[in-house]
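Participant:
Protein chains: 4
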Amino acid sequence: MSVSPFDHPLLSDLLGDSEIAPYFSAEAELAEMVRFEAALANAEAAEGVIPADAAEQIVEALRGFEANYDAIRLATAKDGVTGVEFSRQLRDWVGPPADKFAHFGATSQDIVDTALLLRLKPCLAIFERRLHRLVAGLNALDLTFGERELMARTRMQDALPIRVSDKLVTWRAPLVRHLERLAELTPRLMVLQFGGAAGTLDRLGDKAVAVTTRIAAALDLGVPERAWHTQRDGIVELAGWLSLVTGSLGKVGADIGLMAQNRVGEISLEGGGGSSAMPHKHNPVGAEVLVALAHFNAAQTGGMHAALLHEQERSGAAWTLEWLILPQMVMTTATSLRTANGLLERITHLGHQR
Amino acid sequence: MSVSPFDHPLLSDLLGDSEIAPYFSAEAELAEMVRFEAALANAEAAEGVIPADAAEQIVEALRGFEANYDAIRLATAKDGVTGVEFSRQLRDWVGPPADKFAHFGATSQDIVDTALLLRLKPCLAIFERRLHRLVAGLNALDLTFGERELMARTRMQDALPIRVSDKLVTWRAPLVRHLERLAELTPRLMVLQFGGAAGTLDRLGDKAVAVTTRIAAALDLGVPERAWHTQRDGIVELAGWLSLVTGSLGKVGADIGLMAQNRVGEISLEGGGGSSAMPHKHNPVGAEVLVALAHFNAAQTGGMHAALLHEQERSGAAWTLEWLILPQMVMTTATSLRTANGLLERITHLGHQR
Amino acid sequence: MSVSPFDHPLLSDLLGDSEIAPYFSAEAELAEMVRFEAALANAEAAEGVIPADAAEQIVEALRGFEANYDAIRLATAKDGVTGVEFSRQLRDWVGPPADKFAHFGATSQDIVDTALLLRLKPCLAIFERRLHRLVAGLNALDLTFGERELMARTRMQDALPIRVSDKLVTWRAPLVRHLERLAELTPRLMVLQFGGAAGTLDRLGDKAVAVTTRIAAALDLGVPERAWHTQRDGIVELAGWLSLVTGSLGKVGADIGLMAQNRVGEISLEGGGGSSAMPHKHNPVGAEVLVALAHFNAAQTGGMHAALLHEQERSGAAWTLEWLILPQMVMTTATSLRTANGLLERITHLGHQR
Amino acid sequence: MSVSPFDHPLLSDLLGDSEIAPYFSAEAELAEMVRFEAALANAEAAEGVIPADAAEQIVEALRGFEANYDAIRLATAKDGVTGVEFSRQLRDWVGPPADKFAHFGATSQDIVDTALLLRLKPCLAIFERRLHRLVAGLNALDLTFGERELMARTRMQDALPIRVSDKLVTWRAPLVRHLERLAELTPRLMVLQFGGAAGTLDRLGDKAVAVTTRIAAALDLGVPERAWHTQRDGIVELAGWLSLVTGSLGKVGADIGLMAQNRVGEISLEGGGGSSAMPHKHNPVGAEVLVALAHFNAAQTGGMHAALLHEQERSGAAWTLEWLILPQMVMTTATSLRTANGLLERITHLGHQR
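Encoded structure:
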């Protein structure tokens, strides 16, 4: 089944991204959930919350844990979250006597949210690399074509001649700022989720801070002042950043589409797309995709901001809304960055000789 | 890979719909694209646009057509649409001498849009049935519990006692109107897409209307005044309808969540969801899902309306944006209708004895 | 103060509409609220719910009613709705003995929603006229320029020559369908709002239907099966329609902007906009405005669909959200229709001689 | 006329903000446009771009400048921007011989965007103060009620008892992060807009950097690497921040509405809203308004992100879209902050005695 174009058998080379996609597989998610549980057991043993033997047994068992996917899927239809059946299976797998110490003091949201962060982190590192590559690509184009002439167009009409360099700087500068923004938001986002049933770590007593600190260190995440079960501003800030990136690249796509028009001819791209009816055409497909992805993410931001209204101590509604949107926004951004880099590399000509 | 929760190995029983999902498989899409091509060949032969022998050979060949999915996916990354490589493979499969008459006068958008309609049609029929079932379910609840008492609440505060029936009518009446709206929009939507390269059927000369009429009849679709390549109001009207349905059911979900609160207890549901940390809980998971799906579709409508700005004679940007959104809106609506029907059937108690 | 560009001292000739604006003045709103109260009193007297003398006194008093705007504004900050203080002032104005029969059995939402419909009705009539005028304008352009040649462009690249007429039909056909949609949605929308405190007309006993029918007749609105306090599908369907209209005109604007480009020159417009720095320019300002308005309304549809989640028997949150959005969507549509008509009338040239 | 609830004669005490509103008056906008022109003249004189005498004459004349609002409004309908007629009037007002040196080298977008920043700056300072006040208010509530008991509720069901303090920290922590975000985004946003006709300051030659630096210093704005005519990421980042703030406060509003329910009674507020039909009610109107404002801003973010697609060297479409949305988002945030502070101050009771 393939509702989503991001992993569609026919569309995914156009609209998906094979480097980012694996982070959103069920396997990857469960692997990070297991990693959380192991860190939890170790931290709780180190602080004397659970016996050291139990932790050893748990961590050892987790190494070989094989989830029953079908059972999780079935249970999730009833529980609304994968973590309930997951932690049940995990305790089963561990078996006595340590089973009663597995997942101790944690709740489903702790593992699901933390497992999301642990997968977002490498994605953001990839995005950072791709942004740097885009900046480098724009600099290279600037070196080659920067002094050539372009027509500046304001309100869809010819204005004045400018240099190619003048255009490229307006494509590049926002990307540099996106890197700066990413550096700022990352420490706010990459904070361990750990709160237990009601966000208060009620079962850990005076060991709550110490256990939290140990888990965070083990997973290389920040230490939360308090579980962020209902504080989704970090996640939504990320969504906004993703859409800033795709929006800036959408502007590049819109510009390229206009520059590539017949009778304008200010850009040439190797390998434009074909048409089933008009074999002579060379369509700037990647440029159009950038525009489509930008509008897609723009619409999603509205949904993510609605998910800030996360009522009481856990909102099944608002949290589920995130699941429906955020992975797609990450994938959209991946595809946009990949497509933009591909486009830049296929530019064979920019501007006019003066 | 599973970016989308609709077909996620762990989430799809919660957020997907196994009856609707197959219509959005690549197999289903290609099957309908093949059906279009056969109808096209037959229609063109009947009108003398292509030789009868050629049509026979094409239709015969299409029966066994096996697409090379990988090649389509690869080509689509370049062409921006599946139809270019699809029609190339199809002509290859047909072979000489009829190959040059396959796909004659059509363009990629004709097959892709028509194949979408041919899959939407059974989906809408299923939605219609589910809406009728919801109305019947509400009527049945009304018979059983209608005379019981509920507290009306306005602005989150107790207002006056009403009857359960008073509440149920406000859930039911919009659904009845949605059925009415569906009947009205269907003939506007279910219109053959057929325009050729530039929407003018330039290669069919004075046979354009006749061929169009024959294809439409064969596929049980309306006859277009003109190809709607750039006229997306029918598709966007559908998107609005889908979100009206999920919004109305989101209101039902919000109400159920509030009625099921402890100390309110105006509704009881069999089989509420569990918690990994609090086994005593019975969470109204389905009700929350209805709220999440409603907000998801609400956000998508903004994206679909942006796709109305379909510039010139074919916008790769606006059309691609539809692909990113519409299938998900259909699936969201399917899940919402399924979930709502499930919820109604699990209601064991509504209101208070007077 | 002028947060809104629709009634901004400097921007309203560009972005506002002086024919529609008056319907959204406080004066117009209060006048329709008064009209509702008069119809209510008459209907209740005719059915013997209140004394005939009282109705006469009320109706007579209402003729000269002067609201204290400042007091309503102040009270609304506390009550969340204008109707509470409005009906208090109204009873004061009526004075004894009839005052206790004024507003009898109604609630604030009845007057506010009905007063909205009574102002939307003439707005929709104006929109209908403007759509007809657009269709006529397109037909006139077709007569003059229809046989001329244009370049069809798909995916931003030249495809094949078409006729001007081929382009105009794709602009016109959606507008004709919008007229059809408007005719369909109007009877669903134009239904009296009347439900009393909890939507059940609890104070009217067995006269509820008869009184409702009389008020509806007096105000030329449909008779509701039941108050639609929480059933906002009619309002949201209208919002979708408004955005369909602006989206279709946004496509026209996008096309005109592209056709008017230098070196394309497929359209000429009288009186393009100037630039402070480049006096030689003739900017297709109206075309750009159509695009901006389309994207504005597209974003608003998401908010309106979120307002479908109108919990319980009256949601201050969801209802207030409508107030923030719907009037602006009406105004946006007005401006878009006005601007499109103005653009068509300024077209002096379309297409090329063949 | 009053399409917008923010400056509506009846709704503005509920939905507007009298401290922020004046910054969005036409008077305030023109005053800042004048300030830009004075700084421009001074800077250009200091760098020898225009004669010192001319600058003196210009600055002197600007002190008494009285714009003809009607003429600007009329011209803006044609030009699409206020700055064209504004600068024409300004040169007229200055008169010979200096008139030809007024607005020298600048373009409409320079004055309009800079005038926006100069008004946003005090607004953001007010927002910062209000956020600090909210944090202080939450701290004060924590001191008074923090140790009392509340029921934690997850997925709309009772979970475990927590302390009031546990709830308050989840309301406060996002606000503290919003202050941090504001400090980060402000220097990216508060950067002089100055680029001339095509963003290249073509008329200033080698004095471009020096003049830019002087204007920026005079207006206490950052020095741009390059005009950000088409780089709207700073503006859109601000929009995202505004919606993060209103979303976080929407969560507070949703919580208060649920806590204030009858039979829950975990919060008491002085002065709840009344009902025209049910005088006994005390509606948590402010809490509902917070939810409405959050959803409003959430929907607007989609529109603002769409405006990132600012094609070529100036997009009338994308820029106009900002004008339609951003001022309203600022006002929405103002109202939300004001309302939240008012709500906190009216809390007379939180939680239960243990």
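Chains as they are written, first to last, in the UniProt record's numbering: chain A, 1 to 354; chain B, 1 to 354; chain C, 1 to 354; chain D, 1 to 354.
C-beta: ideal position from N, C-alpha, C; glycine also.
Just to confirm before moving on: does the CB-CB distance between W241/A and L179/A stay below 8 Å?
Facilitator: Here residue 241/A refers to the residue found at position 241 when the first sequence is read from its first residue. Here residue 179/A refers to the residue found at position 179 when the first sequence is read from its first residue. No, they are not a contact pair.
Participant: Is it right to say H132/A is buried, meaning 16 or more other beta carbons lie within 10 angstroms of its own, or is it exposed?
Facilitator: Your numbering for residue 132/A matches position 132 in the first sequence. Under this definition H132/A is an exposed residue.
Participant: Cβ atoms of G286/B and L343/B: under 8 Å apart, would you say?
Facilitator: The residue given as residue 343/B occupies position 343 in the second sequence. The residue given as residue 286/B occupies position 286 in the second sequence. For L343/B and G286/B, yes; Cβs fall inside 8 Å.
Participant: Along chain A, in chain order, which residues have C-beta atoms closer than 9 Å to that of H282/C?
Facilitator: Taking the first residue of the third sequence as 1, we reach residue 282/C at position 282. Correct list: Q157.
Participant: Taking only beta-carbon positions, decide if V252/B is within less than 8 Å of chain D.
Facilitator: Taking the second sequence and counting its residues from 1, one reaches residue 252/B at position 252. With 8 Å as the cut-off, V252/B does not count as an interface residue toward chain D.
Participant: Interface residues of chain C around G342/A at Cβ under 9 Å?
Facilitator: Taking the first residue of the first sequence as position 1, residue 342/A is located at position 342. Within 9 Å Cβ-Cβ: nothing; G342/A doesn't reach chain C, min ~17 Å.
Participant: Quick check on DSSP: helix, strand or coil for I162/B?
Facilitator: Residue numbering aside, residue 162/B sits at position 162 when the second sequence is read from its first letter. Note: I162/B maps to strand in three-state DSSP.
Participant: Using a Cβ-Cβ cut-off of less than 8 Å, give me the residues of the stretch 80 to 101 of chain D that come near chain A, in sequence order.
Facilitator: Correct list: G80.
Participant: Does any CB atom of chain G fall closer than 8 Å to the CB of R232/D?
Facilitator: The structure shown contains no chain G; its protein chains are A, B, C and D.
Participant: With a threshold of 16 other CB atoms inside 10 Å of the CB of S315/D, please say whether the residue is buried or exposed.
Facilitator: Numbered from its first residue, the fourth sequence carries residue 315/D at position 315. With 16 or more Cβ atoms within 10 Å of its Cβ, S315/D is classed as buried.
Participant: Do F127/D and G351/D count as a contact pair if the criterion is CB distance below 8 Å?
Facilitator: In the fourth sequence, the residue the question calls residue 351/D occupies position 351. In the fourth sequence, the residue the question calls residue 127/D occupies position 127. No; because the gap between Cβ atoms is not below 8 Å, this pair is not in contact.
Participant: Taking Cβ-Cβ distances below 8 Å as the criterion, which residues of the stretch 186 to 214 of chain B are in contact with chain C?
Facilitator: Listed in sequence order: R188, A197, A198, G199, T200 and D202.
Participant: Kindly identify the DSSP beta-bridge partner or partners of Q157/C.
Facilitator: Reading the third sequence from its first residue, position 157 is the one you call residue 157/C. Paired residue(s): T154/C.
Participant: Let me know if D113/B comes out buried or exposed under the rule of 16 or more other beta-carbons within 10 Å of its beta-carbon.
Facilitator: By one-based count along the second sequence, residue 113/B stands at place 113. Counting Cβ neighbours within 10 Å, D113/B comes out buried, since at least 16 surround it.
Participant: Please report the Cβ distance between L269/C and A277/C, rounded to the nearest whole angstrom; I am assuming they are in contact, meaning their Cβ atoms lie under 8 Å.
Facilitator: Residue 269/C sits at position 269 when you count from the first residue of the third sequence. Residue 277/C sits at position 277 when you count from the first residue of the third sequence. With a Cβ gap of about 21 Å, L269/C and A277/C do not count as contacting.
Participant: Closer than 8 Å by beta-carbon distance: list the chain C residues that pair up with V285/A, in chain order.
Facilitator: In the first sequence, residue 285/A corresponds to position 285, counting from 1. Residues of chain C passing the Cβ test: R155.
Participant: Output, in sequence order along the chain, the residues in the stretch 164 to 177 of chain A whose CB is closer than 7 Å to any CB in chain D.
Facilitator: Those would be D166, V169, T170, A173, P174 and R177, in chain order.
Participant: According to DSSP, simplified to helix, strand and coil, what is G253/C?
Facilitator: Taking the third sequence and counting its residues from 1, the one referred to as residue 253/C is at position 253. G253/C falls in the helix class under three-state DSSP.
Participant: As a quick exercise: from A55/D, K78/D and A140/D, pick the residue whose alpha carbon is nearest that of H103/D.
Facilitator: Residue numbering aside, residue 103/D sits at position 103 when the fourth sequence is read from its first letter. Closest by alpha carbon: A55/D.
Participant: Listing by chain order, which chain D residues have their CB less than 7 Å from the CB of H295/C?
Facilitator: Position 295 of the third sequence, counted from the first residue, corresponds to residue 295/C. Per Cβ cutoff of 7 Å: G303, A306 and L321.
Participant: Would you mind working out which of R172/D, T154/D and P187/D sits nearest A197/A, comparing C-alpha positions?
Facilitator: For this step, residue 197/A is matched to residue 197 along the first sequence. Checking every option, the nearest Cα to that of A197/A belongs to T154/D.
Participant: Just to make sure I have the definition right: I need the residues of chain C whose C-beta is within less than 7 Å of the C-beta of P327/D. Which are they?
Facilitator: Within the fourth sequence, the letter at position 327 stands for residue 327/D. Within 7 Å Cβ-Cβ: V3.
Participant: Just checking: is the beta-carbon of Q261/A within a distance shorter than 8 Å of some beta-carbon in chain C?
Facilitator: Position 261 of the first sequence holds residue 261/A. True, the Cβ-Cβ gap to chain C drops below 8 Å.
Participant: Please classify R354/D as buried or exposed, where buried requires at least 16 other C-beta atoms within 10 Å of its C-beta.
Facilitator: As a working note, residue 354/D is residue 354 in the fourth sequence. So R354/D ends up on the exposed side.
Participant: Is there a Cβ of chain D sitting closer than 8 Å to that of E288/B, yes or no?
Facilitator: Stepping through the second sequence from its first residue, residue 288/B is reached at position 288. Yes, its Cβ sits closer than 8 Å to a Cβ of chain D.
Participant: With DSSP as the reference, label A283/A as helix, strand or coil.
Facilitator: Along the first sequence, one-based indexing puts residue 283/A at 283. It is worth fixing the name first, because residue 283/A is Asn in this sequence and not Ala. Looking at N283/A - three-state DSSP - the assignment turns out to be strand.
Participant: Taking DSSP's pairing of strands, which residues face E149/D in a bridge?
Facilitator: Translated into the one-based positions of the fourth sequence, residue 149/D becomes position 149. According to DSSP, which records beta bridges pairwise, E149/D is partnered with R163/D and H352/D.
Participant: Is T333/C buried or exposed, if buried means 16 or more other CB atoms sit within 10 Å of its CB?
Facilitator: By one-based count along the third sequence, residue 333/C stands at place 333. Label assigned to T333/C: buried.
Participant: Mapping the DSSP letters down to three states, classify V59/C as helix, strand or coil.
Facilitator: Residue mapping note: residue 59/C aligns to position 59 of the third sequence, counting from 1. It is helical.
Participant: With 8 Å as the threshold, decide whether the Cβ of V353/C is near any Cβ in chain B.
Facilitator: By one-based count along the third sequence, residue 353/C stands at place 353. In the sequence on display, residue 353/C carries Gln and not Val. Closer than 8 Å: no.
Participant: Taking the alpha carbon of G64/B as the point to measure from, which residue in L90/B, A75/B, E44/B and K78/B has its own alpha carbon closest?
Facilitator: Residue mapping note: residue 64/B aligns to position 64 of the second sequence, counting from 1. Measuring from the Cα of G64/B, the nearest candidate turns out to be L90/B.
Participant: Is there a Cβ from chain B that is less than 8 Å from the Cβ of A298/C?
Facilitator: For the purposes of this step, residue 298/C is taken as residue 298 along the third sequence, with counting starting at 1. Judged by the 8 Å Cβ criterion, A298/C is in contact with chain B.
Participant: Going by the DSSP bridge assignment, what does L269/C pair with across the sheet?
Facilitator: Position 269 of the third sequence, counting from 1, holds the residue named residue 269/C. Answer is I347/C, bridged to L269/C.
Participant: Enumerate in chain order the residues of its own chain whose CB-to-CB distance from M1/C is below 7 Å, with the five nearest sequence positions on each side excluded.
Facilitator: Working through the third sequence from its first residue, we reach residue 1/C at position 1. Reliability of the predicted coordinates at M1/C is poor, the pLDDT of 49 falling under 50, and the value obtained from them is presented with this limitation in mind. Answer for M1/C: no residue qualifies.
Participant: Excluding five sequence neighbours on each side, which residues of the same chain lie with their C-beta closer than 6 Å to the C-beta of E322/D?
Facilitator: Taking the fourth sequence and counting its residues from 1, one reaches residue 322/D at position 322. These residues qualify, in order along the chain: A307.
Participant: Have a look at the DSSP bridge pairing and note the partners of V191/C.
Facilitator: As a position in the third sequence, residue 191/C is number 191, starting the count at 1. DSSP output for V191/C lists G222/C as bridge partner(s).
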